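6 is the number of the first residue of the sequence shown in our numbering; add one for each residue after it. Where a beta carbon is used, it is the ideal one built from N, C-alpha and C, also for glycine. Note that the structure is a prediction, hence the values are computed from the model and not measured.
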Amino acid sequence: MQCRVDVAVMIGSGVPAGLRAMGQSVCWVVLLNGERRGTAFASRDEAEECRAAWLAQLKDEPGSSLH
6 MQCRVDVAVM IGSGVPAGLR AMGQSVCWVV LLNGERRGTA FASRDEAEEC
56 RAAWLAQLKD EPGSSLH
């Protein structure tokens, strides 16, 4: 099974209301095979840490092929 884990940026109205209320107009999310997984992050570094955790978890699954 091929898996792709990416970090995407969301801007403006795509930013969750909680982050917008804190003054954030941009956030980052982790995508697994193009589908959002988990929460929105206030920093890219946080999102990259989450991406790394997904990659580590998926690496250990039998038959996985990561991209």
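Would you list the residues sitting across from residue i in a DSSP beta bridge?
i   : result
M15 : C32
R1  : Shown here, the chain extends from 6 to 72; a query on residue 1 therefore has no answer.
Three-state secondary structure (DSSP) at residue i?
i   : result
A47 : coil
E66 : coil
Rounding to the nearest angstrom, what Cα-Cα distance links residue i and residue j in this structure?
i   : j   : result
A45 : N38 : 17 Å
C8  : R49 : 21 Å
E66 : R56 : 16 Å
K3  : A47 : Missing from the structure shown is residue 3; the chain here goes from 6 to 72 and no further.
S30 : A52 : 16 Å
Stretch-stretch touch, CB-based, cutoff 8 Å, three pairs: the stretch 6 to 14 with the stretch 25 to 39: yes
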